[in-house]
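K.L.:
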Amino acid sequence: MRADYFPYHQLVKAVDPTASLSAATEGKLTRSARFRNVLSPAGFTDELRAALMYKGACWGYLTLYRRFGQPLFTEEERVFLSSLVPVIALRLRQSSFAMPEKVETEPETEIGILVLDERLRILSINGTAERWLARLREWENIERDTLRFMAEACELSAREKQILHALIKGMSTKALAQSLHISAYTVQDHIKSIFLKTGVTSRGELIWRLFSRFGAG
């Protein structure tokens, strides 16, 4: 007898990332320890789970329940939820980087000053600027090692990810072309694509966004 059915980590790897408990147990819900120990005591009979997958990445999980007296989840309902998974996952991915609409902050008594060198590395920063950067990272709830996560969220290609890392290091178009063995025009085309996908219009704006919003500094 199985102790449990379709844990989330299995759904992430499954061809179809959705499953109902009633179907998995062939209608014999008491086979599931989760049903016996969690669902039934809480007044639920059936459970429908989904790993919210988009392009091979999991952006969250969804669990639906049916109470006693309600019909069990049908195969049609599971299929319908499965069709919604990429849409929900995409929205979650996009909202992961949304700034809060209303943020209450303490009024600053002085102007934030941040001085950068030609490679956009910090030369000098005052307390107000440090506090604003800390708030940006807090609002985003993103740690300093999430450059890869941001690149995936913006759907950068493998080549664009290479160029993004090089841009952060301050490499010029000419140096990039030489290191990647491609023309400067091709590099510029990739950079324009990165700008479009990340919603910026210049290298400086790109670096600033990575530093302040995604913690890449």
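According to this note's numbering, the sequence shown is numbered sequentially starting from 56. Beta carbons: idealized from backbone N, C-alpha and C, even for Gly. A quick note: this is a predicted structure, and the numbers were derived from the prediction, not measured.
(1) Throw me the rounded Cβ distance for the R121 and F90 pair, which I believe falls under 8 Å.
(2) Where does Y116 sit, in a helix, a strand or coil, going by DSSP?
(3) State the Cα-Cα distance for the pair A78 and A144, rounded to the nearest angstrom.
(4) For T80, I'd like the list of residues in its chain whose CB is within less than 8 Å of its CB, leaving aside the five on either flank, ordered along the chain.
(5) With 16 as the cutoff for other CB atoms within 10 Å, does A189 come out buried or exposed?
(6) Among the candidates G254, M108, L219, Q125, whose CA atom is the shortest distance from the CA of D101?
(7) Since I believe W114 is in contact with L147 (beta carbons under 8 Å), could you give me their beta-carbon distance rounded to a whole number of angstroms?
(8) Just to confirm my understanding: we take R214, look at its own chain, exclude 5 residues before and 5 after, and list those with CB closer than 7 Å. What are they?
(9) According to DSSP, which residues form a beta bridge with R121?
(10) Taking 9 Å as the cut-off, decide whether the C-beta atoms of V140 and T241 are in contact.
(11) Tell me which residue opens and which closes the alpha helix (DSSP H) that T73 is part of.
(12) Could you give the residue range of the alpha helix (DSSP H) that holds F250?
(13) Does the beta-carbon of A128 have 16 or more other beta-carbons within 10 angstroms, so that it is buried, or is it exposed?
(14) Taking all protein chains shown into account, decide if T253 is buried (16 or more other Cβ within 10 angstroms of its Cβ) or exposed.
(15) Among F250, L261, R104, whose alpha-carbon lies nearest the alpha-carbon of L119?
(16) Just the Cα atoms here: how many angstroms apart are V255 and I262?
(17) Comparing C-alpha positions only, which one of A112, W187, C209 sits nearest to I249?
(18) Within its chain, find whatever has a CB closer than 6 Å to the CB of N181; leave out the 5 residues flanking it on each side and keep chain order.
(19) From A230 to S212, what does the alpha carbon distance come to, in whole angstroms?
(20) Which same chain residues end up closer than 8 Å to I218 when comparing Cβ atoms and leaving out the 5 residues on each side of it in sequence?
P.N.:
Quick answer:
(1) Going by Cβ atoms, the distance from R121 to F90 rounds to 12 Å, so no, they are not a contact pair.
(2) strand
(3) 24 Å
(4) Y60, R86, S87, F90
(5) exposed
(6) Q125
(7) That belief holds up - the Cβ atoms of L147 and W114 are roughly 4 Å apart, short of 8 Å.
(8) Here the set comprises H245.
(9) D101
(10) no
(11) Note, T73: premise wrong, no alpha helix (DSSP H); beta strand (DSSP E) at 73 to 75.
(12) 239 to 253
(13) Going by the sequence as given, residue 128 is Phe instead of Ala. By the neighbour-count rule (16 or more Cβ atoms within 10 Å), F128 is buried.
(14) buried
(15) R104
(16) Between V255 and I262, the alpha-carbon positions lie close to 10 Å from each other.
(17) The candidate whose alpha carbon is nearest that of I249 is C209.
(18) I168
(19) 20 Å
(20) L231, L235, V242, H245, I246, I249
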